[in-house]
Amino acid sequence: MKRLVLVRPAGPRNVGMALRIAANFGPLDFVIVAPQRPSLLIHPEFEQMAHGVEGMADRIRVVASLPAALEDIQYAVGFTARARDQRLRLDWREVRDELAQRQERLALVFGSEVNGLTGEEADLLQDLIHIPTSTEHTSLNLAVSVGVVLAYLFTERVERVDFDGLSAVTAQEREFLKARLRRVFGGQVARSVSARKDIESSIERVFSRAPLETRDARAWHKMLTALGDSSTPADFGLNPNPRRRARREDAKERASGEEGQQ
5 MKRLVLVRPA
15 GPRNVGMALR
25 IAANFGPLDF
35 VIVAPQRPSL
45 LIHPEFEQMA
55 HGVEGMADRI
65 RVVASLPAAL
75 EDIQYAVGFT
85 ARARDQRLRL
95 DWREVRDELA
105 QRQERLALVF
115 GSEVNGLTGE
125 EADLLQDLIH
135 IPTSTEHTSL
145 NLAVSVGVVL
155 AYLFTERVER
165 VDFDGLSAVT
175 AQEREFLKAR
185 LRRVFGGQVA
195 RSVSARKDIE
205 SSIERVFSRA
215 PLETRDARAW
225 HKMLTALGDS
235 STPADFGLNP
245 NPRRRARRED
255 AKERASGEEG
265 QQ
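Listed below in structure tokens is the structure:
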């Protein structure tokens, strides 16, 4: 299942057009993070651009933060025109086929029209991607960017499959592992403030971006438990069962699809 995530969008026209594009190239979830206009989804320009997909607006979920939008996501990529923090940006043309084949719960994240994604938001994503353009004009309109990506990734219907019982970790599971690693290695192993800072920065950098399967996470959790840590997701304010929600949403999507075929 794919999820379209728009972070801090400002323009009702862009969001309305993105909604219409999502209707053309779905099925997918549509999540808006902290819209700059509280009335964005009832603005006349939104309704004008989303004309013809009445009822689709009810499927848009609005959340307060990017972590909330990604909590049950297994692989998240962000689209950005700007290089940042010496971090590698992948070329859309080179990764789009791989993205189209992915079976995990995939999030496609786009920043605001003016400033794009912040550094903190980018750090929550496993990969950053840029869409090559003419050197004369390098900035793509938000809705146009969404259209370029969704049109290519479109498939009639792809069910999520976990091969041999294995799957990628969700964002919440990833955050829980990072929190335990910081507590054990940053809080117990580091011998100085600077060492703790270096260790925690390394944990954030490596474990935020590395591909992690559930079996990888289990192995790390076993090591942390052996080192004396007994933390639970609730200790860090995290959802202990993100996959339960994901299964419920998948079931609802399948039921909706079956009703539409009747």
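All the letters of the sequence shown, read from the start, carry residue numbers 5 to 266 under this note's numbering. Note that CB positions come from ideal geometry on N, CA and C, so glycine has one too. Everything numeric in this text was worked out from a predicted model, so none of it was measured.
| query | result |
| --- | --- |
| Going by DSSP, name the residue or residues bridged to residue 114. | 10 and 83 |
| Answer with buried or exposed for residue 16, where buried requires no fewer than 16 other C-beta atoms within 10 angstroms of its C-beta. | buried |
| Is the distance from the Cβ of residue 11 to the Cβ of residue 112 below 9 Å? | no |
| Alpha helix (DSSP H) containing residue 70: first to last residue? | 70-74 |
| Return the first residue and the last residue of the alpha helix (DSSP H) that residue 220 is part of. | 218-230 |
| Along the chain, where does the beta strand (DSSP E) containing residue 37 start, and where does it finish? | 32-37 |
| Quick one, are the C-beta atoms of residue 25 and residue 150 less than 9 Å apart? | yes |
| Based on Cα-Cα distance, which residue from 5, 6 and 39 lies nearest to residue 20? | 39 |
| Keeping to the same chain, check which residues put their C-beta closer than 6 Å to that of residue 54; ignore five residues upstream and five downstream. | 20, 23 and 24 |
| In whole angstroms, what separates the C-alpha of residue 3 from that of residue 212? | Examination of residue 3 is not possible in this model, given that the chain is present from 5 through 266 alone. |
| Just the C-alpha distance for residue 86 and residue 231, rounded to the nearest angstrom, thanks. | 41 Å |
| Output needed for residue 181: all residues of its chain with C-beta closer than 8 Å, excluding positions within five of it in sequence on either side, in chain order. | 173, 211, 216, 221, 224 and 225 |
| Just to confirm, is the Cβ distance from residue 37 to residue 66 under 9 Å? | yes |
| Helix, strand or coil, according to DSSP, for residue 187 in the structure here? | helix |
| Whole-angstrom Cβ separation of residue 109 and residue 77, contact assumed at under 8 Å? | 5 Å |
| Please confirm whether residue 121 and residue 91 have their CB atoms less than 9 Å apart. | no |
| What residue range does the alpha helix (DSSP H) around residue 203 cover? | 197-213 |
| Who are the near neighbours of residue 95 in its chain, counting only those whose CB is closer than 8 Å to its CB and skipping five residues on each side? | 133, 134 and 136 |
| In three-state terms, what does DSSP make of residue 127? | helix |
| For residue 265 and residue 30, I'd like the C-alpha separation in whole angstroms. | At residue 265, the pLDDT of 48 sits below 50, so the modelled position is not reliable and the matter cannot be decided from this model. |
| Under the three-state reduction of DSSP, which class applies to residue 167: helix, strand or coil? | Residue confidence for residue 167 is low, a pLDDT of 46 falling below 50, so the modelled location carries little weight; the figure read from the coordinates is stated next. Three-state DSSP puts residue 167 in a helix. |
| From residue 156 to residue 107, what does the alpha carbon distance come to, in whole angstroms? | 16 Å |
| Could you check the C-alpha separation between residue 203 and residue 190 for me, to the nearest Å? | 6 Å |
| Taking the beta carbon of residue 28 as the centre, do at least 16 other beta carbons fall within 10 Å, making it buried, or is it exposed? | exposed |
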